[in-house]
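Below: one structure, written as structure tokens.
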Amino acid sequence: MAPNGIDVQDMQRLDGHIEITAKYPIACGGYADIYPGIWHGGLAFLGPGVWTGDSAVSGRNVAVGTVDIYIVPLPHSRTLPSNKVAIKVFRDAHNKANTPEAQWKYLKLLNKEYRVWALLRHPNVLPLFGLIDDPAIPSTGIVAPRCTFGDLRAFFSDPARASVNRLPIVRVTFTA
């Protein structure tokens, strides 16, 4: 068990609830790739009486303040909501984790990433939903809401938002 009580084994498992919707990543960072997905039949509970709906999970601004996040997987049904999610997969972890020692190292890295992210409570930081193992992605992925407008670079590069005052957005981002 990790010192803060959060461990990879304790994470919400979303295997079988999420459909990976692209063969290749939609975004790449320094250490990880982002795959798009759809979470079928699940809602994220953000605190007393506040359920995420399309507005929260699709990345629109939702003022929820500092709250606890609870994941409520629901039974499969065609009438249940589907939410867009982003799946973060550490690059080359699947290639390097070919021995028990390498797999332990990868789990340690994943656990560290999860602990840091899970402890963050800020309106400008997306909540962490859990983990997924799926044949469509190269290794275990971390699941979070997918923002409608993409990352900050994509948001600012959209000509429709050329008139947006960027300084307040950047300031708020750095406070997180």
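In UniProt numbering, the protein residues as written are 1 to 176. Glycine included, each C-beta is placed from N, C-alpha and C at the ideal position.
Residue i - containing beta strand (DSSP E), residue span
| i | result |
| --- | --- |
| Ser82 | 82–90 |
Residue i and residue j closer than 8 Å at C-beta
| i | j | result |
| --- | --- | --- |
| Asp33 | Val89 | yes |
| Phe129 | Ala144 | yes |
| Gly37 | Ile26 | no |
| Met11 | Leu109 | no |
| Tyr35 | Gly141 | yes |
| Asn124 | Thr175 | yes |
| Tyr31 | Arg115 | no |
| Asn83 | Trp39 | yes |
Bounding residues of the alpha helix (DSSP H) (the contiguous stretch that carries residue i)
| i | result |
| --- | --- |
| Ile169 | 166–175 |
| Pro100 | 100–119 |
Coarse secondary structure for residue i, derived from DSSP in three states
| i | result |
| --- | --- |
| Ala32 | strand |
| Ala27 | strand |
| Ala63 | Here Ala63 scores only 34 on pLDDT, less than 50, and its place in the model should not be relied on; the value that follows carries that caveat. Three-state result, Ala63: coil. |
Rounded Cβ spacing between residue i and residue j (contact assumed at less than 8 Å)
| i | j | result |
| --- | --- | --- |
| Asp134 | Ile18 | 7 Å |
| Ala86 | Arg146 | 4 Å |
Within-8 Å CB hit, residue i to chain E
| i | result |
| --- | --- |
| Leu14 | No chain E is part of this structure, which consists of one protein chain only. |
Could you tell me which whole beta strand (DSSP E) segments of length 3 or greater appear in the stretch 133–158?
As for any beta strand (DSSP E) of minimum length 3 sitting wholly inside the stretch 133–158, the runs are 141–145, ordered along the chain.
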